[in-house]
Amino acid sequence: MSKYSSNVLYLLLSILIVIAYVNGFGPVENLQRSINDYLCQLTAPEGTRANVALVMIDDRAEDEFGKWPWNRDVLADLMAATASGEPKVIVLNTDLIEDAYQDSAGYTSVLADQLTWIDNAILPYDIALATFRSQKTNNPEYLFHYSITVDNPLGIMDEQSSLLVRRTFLPAERLLESKPLLGFAYVRPDDDRLLRHQPLFMNYEGYYYPSLSLLAAATYLGVSPSQIQVREGLEVAIGSRQTIPVNSQGEYFISHLPKKAFVTYSAADVLSDDFNRSALSGKVILIGVANGEGYELATPMSTTVSAEILRATIIENIINDNILMKFNRPVVDMLILFALGALCAFVLPLLTVRNRLLVLTGSLAVTVGLNYYLVSSLRILPETIYIGLELIAFIVAAPIIGSRFLGNAEADEIDPANSAQLEPVQTSSSKSTNAPEPPVRTIKQEANDPALLGTRALGSSEEFPPDHQAIDIDKDFEDDSSGQAEEVNETIASSDIDAIVETCTTETDPPSEERSSPQIIGFDSPPKESAPPIVEKQATEAQPLPAGAPDHLGRYQVTGNLGKGAMGMVYKGIDPAINRPVALKTIRLDFVNDPEEMEELKERLFREAQAAGKLSHPNIVTIYDVGSEDQLQYIAMEFLEGQTLEDMIKKKVQFNYRIIAQIIIQICSALQYAHEQGIVHRDIKPANIMIGVDYRVKVMDYGIARIDSNSMTKTGIAMGTPNYISPEQLKGLTTDHRADLFSLGVVLYEMLLGKRPFKGENITSLIYSVMNHEAEKPSTVNPQIPLLFDRIIWKVLEKNPDARYQKASDIAADLNEFVESFAS
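Heads up: the sequence shown runs through residues 31 to 854, numbered per the numbering used here.
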């Protein structure tokens with residue numbers, strides 16, 4: 031797939047979520063309702079509500095005044111007793127339709143007479159729904175004074191915007207003559223039979239009328255029915271006192287309360303002469319029946335709630351502004367989903383798997399916390415289930431992004447913006463006081479993490495041998511057909527090419543068509559079929575010491591053998607003063623017979639090692655000490671854990687182009703720093719570059735590569751590797767920091783293609799090729815390699831130093847632009 035496969039996957043997931051949102055995917059909608067219910071329970075106000083109370087005809091009242099239904103004269107006494115407490119509103123929540131017995135016995139008239147002086151009493155009436163809106167326009171006689179207005183020019187709303195009623199069942203006409211306030215009583219649960227929404231108004235014969243709860247709240251607030259105004263699909267305004275959000279069906283989302291939210295009085299107490307009726311003053315009082323007409327309802331807060339509790343809750347919500355506003359704007363929601371998808375599509379592929387998961391789970395946690403805050407503090411109920419679902423989908427997809435499944439080999443990368451400044455891996459317990467404090471980490475095998483690329487050759491399962499953690503194993507050019515490198519002990523003197531021809535071995539690179547080039551996976555290259563890359567853990571135990579090996583070098587205890595370099599053995603040691611592990615590199619000088627030359631070499635060694643020891647940079651190995659023990663000269667340096675770039679190239683490790691750029695950027699940072707200190711390495715090659723966890727780089731062998739006097743080269747020590755030496759070094763010309771840049775260009779070429787740019791049948795032809803032949807463009811060999819690398823290779827491998835890059839920082843600048851382009 032293309033380099034954009036990761037981005038496309040995130041966008042497709044976003045589109046899928048939006049489609050589910052638009053179509054109201056059932057299971058997700060049910061989950062959203064469950065979350066809303068839980069949030070409502072979690073944030074429900076505690077304590078009793080001060081301005082709403084219940085008077086219930088319960089068992090005590092029935093024992094004292096007879097079983098329900100009571101005669102209406104007793105109800106009249108209860109109304110009068112309640113009214114004497116001077117409540118603001120009295121709601122009689124019981125059936126008061128025509129009754130021949132009550133009418134003929136005069137009980138209805140007694141109640142009607144009481145209602146003539148109780149001007150704040152509200153009576154309920156029942157309704158029968160219609161399937162479509164009536165074309166008649168008729169305002170019934172007794173409902174005339176209680177119609178509410180609609181805020182639109184036509185004075186009528188869409189059919190779906192309110193209840194459609196075909197018939198009303200008003201109280202007995204004798205009661206209506208006293209002109210009580212009238213509000214309809216209707217209960218409509220949601221699809222799952224739980225009461226979350228309730229209609230606040232209805233349409234009957236062309237006019238709109240308030241519910242019992244809405245009328246009671248308006249009366250409490252001192253607003254007449256004519257001042258109640260409906261804004262279709264948005265809200266109900268109770269004059270200027272309160273606005274209540276409603277959905278497109280004219281329903282209000284109830285903010286349910288705990289069962290004990292309302293003070294409840296027994297009707298027997300209210301009718302008693304001993305009752306302190308001032309407790310009812312200034313409140314909304316609902317009179318209902320506990321065991322008769324009252325039927326149990328189910329809400330998110332409780333499975334058994336009476337109709338009186340339900341209506342009291344709605345009234346309390348309105349008058350106390352305890353209103354939950356549901357934020358449900360489809361256009362805004364879809365924009366958020368698309369924006370989140372686009373943001374993640376272009377940002378997440380740039381992150382490591384760990385960071386992706388951290389970002390996404392953090393975003394999910396923020397979403398949950400934001401939901402709680404909005405409900406508890408702002409009383410806004412956002413419906414963010416699809417946003418959460420999108421984040422969860424991205425979390426599931428996070429490990430897939432960059433895997434072979436998508437054809438993208440994105441690595442567990444360092445921060446591109448700071449790649450040249452990152453501190454390297456450090457395994458020792460302490461370090462030079464001049465060196466910055468790097469993080470202490472170990473390399474762990476992450477066999478199932480497809481984002482950790484570039485640390486295993488295709489099909490390879492071997493562990494790194496112990497000598498791969500040695501600071502230096504100096505080798506000459508390799509026989510790539512066999513895959514095995516042999517140490518070159520002959521002299522390569524920069525001033526004597528004839529001596530090179532006579533003394534060096536004749537190992538060569540095979541023709542390019544016979545050499546297998548590793549598959550380099552990056553943003554521009556699809557992978558070949560192979561085992562998924564894993565991070566191999568390097569063996570940290572040194573090999574046993576060979577016979578005759580020293581048990582100490584100076585004050586350092588030798589604890590193991592790390593390998594063999596061109597100039598001597600490399601041991602693992604311990605600095606007993608501070609219990610710090612070190613690498614001890616020995617340098618053989620016993621081949622020098624002239625005492626004066628021996629002293630000169632020792633002095634040179636000390637001087638160069640001390641100069642290198644002053645280099646304090648996160649991408650340069652730290653030199654702690656230099657000394658001698660018998661005939662051995664040694665340098666104590668930072669003990670590193672990782673593998674050399676040479677080892678990784680041999681194993682055909684897969685690098686993506688951004689990782690290659692970041693490794694070269696770090697090498698450039700080290701070179702630039704050393705060059706500014708006046709120090710030239712002169713032997714930059716993969717064997718002198720250590721790669722630690724997260725591709726953090728250490729350049730090694732500063733202070734050793736510079737010890738290249740004629741005396742040493744004449745005695746047979748290999749000073750530089752022909753494959754990486756600059757033309758001016760081979761010609762014996764003056765060498766400066768630009769020679770390091772040429773060598774770095776060869777390293778970059780080898781990382782890109784798995785082979786070196788210059789070849790020859792023998793050492794002479796190889797040297798001739800370095801000095802005279804132009805390197806083949808990387809994109810010619812592999813068209814998927816970005817052209818930027820062609821330009822860098824062409825410029826850095828110029829034969830003339832003046833035509834090359836003049837500073838390592840210039841190379842880093844070009845590569846930084848390339849790395850940063852992935853974040854644009």
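Glycine is no exception: its CB is placed at the ideal position from the N, C-alpha and C atoms.
- Its Cα nearest to that of Ala717, the residue Thr674 stands out among Thr674, Val293, Tyr779.
- In this structure Asn609 is exposed. Its beta-carbon is surrounded by fewer than 16 other beta-carbon atoms within 10 angstroms.
- Look at the segment 787-850 and you find these whole runs of alpha helix (DSSP H), each 4 residues long or longer: 793-802, 808-811, 817-826, 838-850.
- Of the candidates Leu408, Gln144, Trp98, Leu225, Gln144 places its Cα closest to the Cα of Ala113.
- Beta-bridge partners assigned by DSSP to Arg618: Leu662.
- For Gln759, no beta strand (DSSP E) segment is defined; the enclosing uninterrupted segment is the alpha helix (DSSP H) at 757-761.
- The bridge partners DSSP lists for Pro99 come to none.
- Collapsing the DSSP output to three states places Met331 in coil.
- In the DSSP assignment, Ile604 falls within the beta strand (DSSP E) that extends over 598-605.
- Apart from the 5 residues on each side of it in sequence, Tyr176 sits with its Cβ closer than 8 Å to the Cβ of Leu211, Leu212, Gly213, Tyr239, Pro240, Leu245, Pro255 in its chain, given in chain order.
- Judged by DSSP in its simplified three-state form, Leu411 adopts strand.
- For Glu76 and Ala291, the gap between their C-alpha atoms comes out near 7 Å.
- For Ser134, the number of other beta carbons within 10 angstroms of its own is below 16, and it is reported as exposed.
- In this structure, DSSP gives Glu676 a helical state, which the three-state scheme calls helix.
- With fewer than three CB-CB distances shorter than 8 Å, the segment 386-400 does not count as touching the segment 338-356.
- Assigned with DSSP and collapsed to three states, Leu592 falls in strand.
- Between Ala375 and Met86, the CB-CB gap reaches or exceeds 8 Å.
- At least 8 Å separates the beta-carbon of Val777 from that of Phe788.
- Per DSSP, the continuous beta strand (DSSP E) segment holding Arg197 begins and ends at 193-199.
- Taking all protein chains shown into account, Phe162 has fewer than 16 neighbouring C-beta atoms within 10 Å of its C-beta and is therefore exposed.
- Here DSSP, grouped into helix, strand and coil, assigns Arg610 to strand.
- A direct Cα-to-Cα measurement between Arg307 and Arg226 gives close to 34 Å.
- In terms of Cβ geometry, Ala700 and Val849 do not form a close pair [threshold 8 Å].
- In this model, Asp304 and Val82 are separated by some 22 Å (Cα to Cα).
- The straight-line gap separating the alpha-carbon atoms of Thr334 and Asn358 is approximately 29 Å.
- For Ile650, the closest of Val710, Phe199, Asn233 by C-alpha to C-alpha distance is Val710.
- In the structure shown, Ser296 falls within a strand segment according to DSSP collapsed to helix, strand and coil.
- About 5 Å separates the Cβ atoms of Gly672 and Ile721, confirming a contact at the 8 Å cut-off.
- Per DSSP, reduced to three states, the secondary structure at Gln165 is coil, with no helix or strand assignment.
- DSSP places Gln696 within a helical segment (H, G or I) once states are collapsed to three.
- For Cys698, the closest alpha carbon among the candidates Gln684, Ile841, Gln640, Pro606 is that of Ile841.
- By the criterion of a C-beta distance shorter than 7 Å, Met667 is surrounded in its chain by Ile501, Val612, Ala613, Lys615, Val651, Thr652, Ile653, Tyr654, once the five residues flanking it on both sides are discounted.
- Annotation: the continuous beta strand (DSSP E) that includes Asp156 extends over 151-159.
- The C-alpha of Lys118 lies about 46 Å from the C-alpha of Phe55.
- Excluding residues up to 5 positions away in sequence, Leu367, Gly371, Tyr416, Leu419, Glu420, Ala423 lie with their Cβ nearer than 8 Å to the Cβ of Ile47 in the same chain.
- For Thr124 against Gln132, the beta-carbon gap comes to about 12 Å, at or over 8 Å, which does not count as contact.
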